[in-house]
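Enquirer:
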Amino acid sequence: MTLVLEQALNGVQLGVLLFLLAAGLTLVFGIMNFVNLAHGSLYMIGAYFAATFIPWSGSFIVGAVLALAAAAAVGMALEILIFRRLYHRDHMDQVLATFGLILFFNELVLMVWGPAGMSIAVPSWLAGQVTIIPGVPYSAYRLAVLLAGLAAAAFLYVLVSRTRTGMRIRAGASDRQMAEALGVDIRLLFTGIAGLGAALAALAGLLAAPLRSVHAGMGEDILVLAFVIVVIGGIGSIRGAFVAALGVGLIDTVGRAFLPRALDAIFSDSIADAVAPALSTTLIYLTMVVVLAIRPRGLFPAPGV
Amino acid sequence: MIPSSPATRWALVLLVALAAAPVLSALGDQTFYIFLLTRMMILALAAVSLNLILGYGNMPSFGHAGFLGIGAYTVAILSVRAAETQGGWLASAGLQLPLATLTAAIAAIVIGAVSLRTRGVYFIMITLAFGQMLFSLGVAMEPYGGDDGMTLPLYTTLGPADLSAGPVLYYLVWGFLVLALAGSHRLMGSPFGAVIRGAKSNESRLAALGVPVYRYRLAAFAMAGAVCGLAGALLANQGGYVSPALAAWTHSAELVVIVLLGGAGTLFGPLFGALAVIGIEEILSRYTEHWRIIFGPLLILVVLANRGGLSGLFRVRNND
């Protein structure tokens, strides 16, 4: 029972991280109609910035804030220099250009920080374990990641659906020309959204860094998961991304932890041993296939995409 | 008939030059270039297959390298069996190459059947996920090296020779590439190709005419997967090595880059694209090991300049 609860929490924690990544992706796609393969690079850049700024400033929080600001600046610079020239172009052109960015950033990171990779230590005040329910200890850092991710999700929800800026964002998404005619500075708005998406990706990167390693190419593995989430949730839908991210996080974590045992119980050892690793790693893709077979436009298809 | 345009003439010159390359290089020791050109032609073969769906049919698959992986692992699995059981026939090209092609074709039918229900960005992302699924399968295959992949215990045998990188593999690859180009030309000139190209410009009109577009697309997807599986089997021999990285989505993206750089939907675009990508990689990597820091921005500049690929360079002059 303890194990089940722990794995479920791990699943939610992974889901929350994936949501941070998927939210930026779905925001940029839903509003700017732009496919950004380099979103994973911003995740990586965030982790590298944090691995540099945290030891430099001596504080996890200060370093993290600096890293987020720097990543947001990178995201906005990319929007101004490259993205905005491609909004009216074919998706394949966007894909090709942002793939060029991936090559660039991976190599840049190797040149600046070296091939060995980096690590970020868990801050000392989050190093221990906390007792959630009596008898169930859980890593304080993982719990903090979970809460930070949920806070970011809540912030995003309030920003998009409760503020004037959010109203402009939604207006820009549903009818760009009309919003422009009514005096919304769309160019500035889009640059801001790119910055916001970059900061969210960087937040995911730096929160994940103490749990995983910081290395060149770290964005590419996780980017595909973020894409799967965006597709399952419905492209452009933040709510869909949230539901899908938690679902994917849970299915992946719980599947890896318990599927081998479940198969052992049903089939003979040799079959279970052969099938379990393959099935547990492909479980989320199978989930996506099933979802798309039933709802080809995802769980919460956003209008107009 | 193949239309006579500057792009066609250059492509034919290139193919003839490729046929002569091993003879010329035998004068000096240029095995490295033969190795490189073999790899270039295999990637061109994979790109020709991707061009069928991405270029002519507007099916932007981002998991095409998955079929390379299937072809390569078919060779690896059979070679391991052949080495264990001393069963020489298991390593023969007559078994391995058709089986690699067939396995990839079956996988393509399954993947295509689901993916082709979607359009546009959804199609990009779902094929991406399928490719990554094949990648994970490779990682999960612990007996075949898991994450790290494995060295082939035996090369594919062809009569008395084998397909270790050398003239035999070189000319076999050249032959398959020429066949694939000819086949691609014939196919796209046929009524079948007319449906595939027509569905790119106006799918609903074709559907209204009573053409079962989905089935045609699925057939094209299966053919593309099959040819790419063959390329994968050849690639395993060329490197003497298989690993899940063959099927990684970044590898699929490289194939897309080759097709788009060469000119999507043009017959010889994939050939030019493969030559350009391998050529640029080779030249840049002489100056710096960090050649991607130049190649990435170069790619962005090509997109921003938007000339319709290398074949487009010919078109600008010729205006056809």
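Taken in order, these protein sequences are the chains called V and X.
Numbering-wise, the first sequence is residues 1 to 305 according to my numbering.
Numbering-wise, the second sequence is residues 306 to 625 according to my numbering.
Note that beta-carbon positions come from the ideal geometry of N, C-alpha and C, so glycine has one too.
Quick one: using the 10 Å Cβ neighbour count with 16 as the cut-off for buried, is Y285/V buried or exposed?
Expert: Y285/V should be labelled buried.
Enquirer: In the DSSP assignment, find the unbroken beta strand (DSSP E) run with Y378/X in it and report its ends.
Expert: Where Y378/X is concerned, there is no enclosing beta strand (DSSP E), although the alpha helix (DSSP H) it sits in stretches over 370-390.
Enquirer: Under 9 angstroms between beta-carbons, which chain X residues line up against I251/V? List them in chain order, please.
Expert: Here the premise fails: no neighbours, minimum Cβ distance about 14 angstroms.
Enquirer: Return helix, strand or coil for I132/V, following the three-state DSSP convention.
Expert: Strand, per DSSP.
Enquirer: Could you please give the first and the last residue of the uninterrupted alpha helix (DSSP H) stretch that includes S420/X?
Expert: Unbroken alpha helix (DSSP H) run through S420/X: 398-420.
Enquirer: Going along the chain, which residues of its own chain have a beta-carbon closer than 8 angstroms to the beta-carbon of P327/X, five neighbours each way excluded?
Expert: The residues are I339, P472, Y475, Y476.
Enquirer: Can the beta-carbon of L159/V be found less than 8 angstroms from the beta-carbon of G233/V?
Expert: Result no, Cβ atoms of L159/V and G233/V do not sit closer than 8 angstroms.
Enquirer: List, in order along the chain, the chain V residues whose C-beta lies closer than 7 angstroms to that of M438/X?
Expert: Within chain V, the residues near M438/X are T282, Y285.
Enquirer: Below 6 angstroms CB to CB, which residues in the same chain sit around L572/X once its five sequence neighbours on both sides are set aside?
Expert: For L572/X, where only same-chain residues beyond five positions count, the Cβ hits under 6 angstroms are H490.
Enquirer: Could you name the residues of the same chain whose beta carbon sits closer than 7 angstroms to that of G172/V, not counting the 5 residues immediately before and after it, in chain order?
Expert: Closer than 7 angstroms at Cβ, skipping near neighbours: I31, A179, V184, I186, L189.
Enquirer: Let's test the definition: count the other Cβ atoms within 10 Å of the Cβ of R520/X and tell me whether it reaches 16, buried, or not, exposed.
Expert: R520/X is exposed by the Cβ-count criterion.
Enquirer: With distances taken between CB atoms, is the gap from A527/X to I431/X smaller than 8 angstroms?
Expert: The answer is no: Cβ separation not under 8 angstroms.
Enquirer: In terms of residue numbering, what span does the alpha helix (DSSP H) encompassing V516/X cover?
Expert: Unbroken run through V516/X: none, as it is neither H nor E.
Enquirer: Any Cβ of chain X within less than 8 angstroms of the Cβ of F116/V?
Expert: In the sequence as presented, Phe is not what sits at residue 116/V; that position holds Ala. It does not; no Cβ of chain X falls within 8 angstroms.
Enquirer: Sorted by chain position, which residues of the same chain lie with C-beta nearer than 8 angstroms to G417/X's C-beta, five sequence neighbours on each side aside?
Expert: Around G417/X: R522, L523, F526, A527, G530.
Enquirer: If you compare alpha carbons, which of E220/V, D221/V, A245/V is closest to V231/V?
Expert: Of the listed residues, the one whose Cα sits closest to V231/V is A245/V.
Enquirer: Three or more C-beta pairs closer than 8 angstroms, one from the stretch 23-41 of chain V and one from the stretch 60-71 of chain V: is that the case here?
Expert: Not touching, per the Cβ criterion.
Enquirer: Express the C-alpha separation of F497/X and M218/V in angstroms, rounding to a whole number.
Expert: Spanning the two alpha carbons is a distance of roughly 42 angstroms.
Enquirer: Report all residues from its chain with a CB closer than 8 angstroms to the CB of V483/X; omit the five preceding and five following residues, and keep chain order.
Expert: Same-chain partners within the cutoff: L320.
Enquirer: Which first and last residues belong to the alpha helix (DSSP H) in which R344/X is found?
Expert: First-last of the alpha helix (DSSP H) with R344/X: 336-355.
Enquirer: Report the residue from M288/V, T287/V, L263/V whose alpha carbon sits nearest the alpha carbon of P277/V.
Expert: If we check each option's Cα against that of P277/V, L263/V comes out closest.
Enquirer: Would a C-beta distance cut-off of 8 angstroms place T281/V and S441/X closer than the cut-off?
Expert: Yes, Cβ-Cβ distance for T281/V and S441/X is below 8 angstroms.
Enquirer: Residues in the same chain with beta-carbon distance under 8 angstroms from S119/V, minus the five sequence neighbours each way, listed in chain order, please.
Expert: Same-chain partners within the cutoff: A51, A209, P210, S213, V214.
Enquirer: Per DSSP, what kind of secondary structure is P137/V in: helix, strand or coil?
Expert: P137/V falls in the strand class under three-state DSSP.
Enquirer: Name, going along the chain, the residues of the stretch 476-493 of chain X whose beta-carbon falls closer than 9 angstroms to a beta-carbon of chain V.
Expert: Taking 9 angstroms as the Cβ-Cβ cut-off against chain V, none of the residues of the stretch 476-493 of chain X qualify.
Enquirer: With 7 angstroms as the C-beta to C-beta threshold (strictly closer), list the residues of the stretch 583-599 of chain X near chain V in chain order.
Expert: The residues in question are H595, R597, I598.
Enquirer: Against T423/X, what residues of chain V qualify as contacts under a CB-to-CB distance less than 9 angstroms, listed in chain order?
Expert: Here the neighbours are V231, L292, P296, R297.
Enquirer: Cβ atoms of I382/X and Y449/X: under 8 angstroms apart, would you say?
Expert: Yes.
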